[in-house]
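Note sheet for the following structure.
In this note's numbering, the protein residues as written are 7 to 108.
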């Protein structure tokens, strides 16, 4: 029995993704930072799926992915946009309009 067999499938995928991120970064060990990054990616995709279903679309679109990235106001994506001077309320308003018209 391996350690991963004790995890549910979604948690197993997150741990594997975290390991891939660590490896791509040249790290030989898995740290909590990579687990958090993998979880954040996973959460953004879950929200994008929700946004797509909410818009009655079978495929996730770019705007759905953006919705997923912006859903967590404390995420790195949101911090980067703020540092770049992006008006997040205007961005959200545009996303809402897009979802209503799509």
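Glycine included, each C-beta is placed from N, C-alpha and C at the ideal position.
Original post:
Helix, strand or coil for residue 66 per DSSP?
Top reply: Shown here, residue 66 sits in coil according to DSSP, grouped into three states, outside any helix or strand.
Original post:
Between residue 50 and residue 40, is the Cβ-Cβ spacing less than 7 Å?
Top reply: no
Original post:
By Cβ distance below 8 Å, which residues in the same chain neighbour residue 19 in space, the five residues on each side in sequence not counted?
Top reply: 48
Original post:
alpha helix (DSSP H) containing residue 91: first to last residue?
Top reply: Careful: residue 91 lies outside any alpha helix (DSSP H) and carries neither H nor E.
Original post:
With 16 as the cutoff for other CB atoms within 10 Å, does residue 17 come out buried or exposed?
Top reply: exposed
Original post:
Within 10 angstroms of its Cβ, does residue 38 collect 16 or more other Cβ (buried), or is it exposed?
Top reply: With fewer than 16 other Cβ atoms within 10 Å, it is exposed.
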